[in-house]
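Read top to bottom, the protein sequences are chains W and S.
Residue 72 in our numbering sits at position 72 of the first sequence, and the numbers go up by one each step.
Residue 234 in our numbering sits at position 72 of the second sequence, and the numbers go up by one each step.
Input: a single structure, listed below in structure tokens.
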Amino acid sequence: MNNKKAQIQIFETIAVLVVFFVLLGIGFIFYTKVIKSNIESDAAEISQSKSVSIAQRAMFLPEIQCSEDNVPKENCIDTLKLDSAISVIPDNPLYYYDLFEFSKITISEIYPDSSASAKTLYNRAAPNDYKRQFKTRVPVTLYDPLTKTNKFGMIEIVTYTK
Amino acid sequence: MKKAQTEILGLAIVVVLVIIATILVVKFGFSKSTNTRNDFTSSQEASNILNTFLKTSAPDCSQLTMTELLQDCAQGTGLVCSNGEDSCNFVKSAATTILLETIGAEKKNYEFIACSNFNIREIKCDSTPLVNVGQPCQGQKKLKIFPIPTNSGTIYVKLEICT
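Written as structure tokens, this is what we have:
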């Protein structure tokens, strides 16, 4: 009789332990999922910050920015400077890689001639393991110093991150 | 008696564990995700578009800027552009083209208005607007207002982007 009672108590202890470890397992799975999700969210945040800083570097690039009496103008691209920069940038890939990393920067005219072909300022294709891609479009004034006219343009910065 | 007390203690431990689990779920499961890039682009969008638009030259109107055309529109000097449009209609057709290619391309609704009697507190025109493109937003919006001085008083240009 005592032997049977002891067996039941041992079985009860085992059942409690099984339930305890199952709960512990569920808790651990939940914890790892939360940690994984936080790491992914942090990685996405870092990639986005990187994308924003590359976009800002492109928008304030002295090689293309308008200036008057050596005072740079915000959100303005000098089209003469742009044409020169397009030919200079491919000759200095390492210098511009430090600024723009893996990205593509194009400048297009919206008004008055929306059919004008877009100009690619910088283009460095990303390796296969760069899976994230962020596109930032910022309206800019395209200033032609020869005719002293302003056109409505758009600078598009596509950045690739891991 | 002792056994019952032990069971109550066990139940209390289970309740404490459930409360801790609920707190963890609420803390980590419903945390608001941040979006740095979207915050950066949307906060600047209305301001950048309006600022760039007002500086844009009109090829059919002696290369006058949109700001100068709006001033002419408010003063009613009767300027006629080479395509036959007056300054008000020229600004309207330019705004329609530009906003359609920029905000419209992102499938967002918008409203662009320029008016001489602008109620700055209620952010609306008190009279018929000089130029009106798009529809007012029903929900959340980002907007930018630019004052333009003219000989007949200040006119206000507003760009509203629905989010």
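Just so it is clear, CB atoms sit at the ideal spot from N, CA and C, and this is done for glycine as well.
Ser244/S is outside the set of residues whose beta carbon lies under 7 Å from a beta carbon in chain W. By the C-beta density criterion, Leu94/W is exposed, having fewer than 16 other C-beta atoms within 10 angstroms.
Looking at the DSSP output, Ser224/S bridges to nothing. Around Thr120/W, the same chain offers Thr106 as residues with beta carbons nearer than 6 Å, after the five sequence neighbours per side are excluded. Taken through DSSP and simplified to helix, strand or coil, Pro93/W comes out as helix. Sequence-ordered contacts of the region 247-275 of chain S with chain W read Ala256, Thr259, Ile260, Glu263, Thr264, Ala267, Glu268 [C-beta pairs closer than 9 Å]. Chain W places a beta carbon closer than 7 Å to that of Asn210/S, counting this residue as a contact.
Annotation: the continuous alpha helix (DSSP H) that includes Glu169/S extends over 164-186. Around Ser114/W, the beta-carbon contacts reaching into chain S at under 8 Å are Thr259, Glu263. Counting other Cβ atoms within 10 Å of its Cβ, Ala174/S stays below 16 and is therefore classed as exposed.
Residues of chain S with a Cβ closer than 9 Å to the Cβ of Thr79/W do not exist; the shortest Cβ-Cβ separation is about 13 Å. Secondary structure at Leu24/W: helix, using DSSP grouped into helix, strand and coil.
Taking each of Asp83/W, Lys73/W, Asn75/W, Arg124/W in turn and checking the Cα distance to Tyr96/W, the smallest one comes out for Arg124/W. Its chain contains no residue whose beta carbon lies nearer than 6 Å to that of Ser114/W once the 5 sequence neighbours on both sides are disregarded.
Taking 8 Å as the upper bound for CB-CB distance, Ala220/S and Phe252/S are in contact here, some 6 Å apart.
Counting of Cβ neighbours within 10 angstroms places Phe100/W among the buried residues, the total reaching 16 or more. CA-CA distance, Ile64/W to Met228/S, rounds to 24 Å. Assigned with DSSP and collapsed to three states, Tyr130/W falls in coil, not helix or strand.
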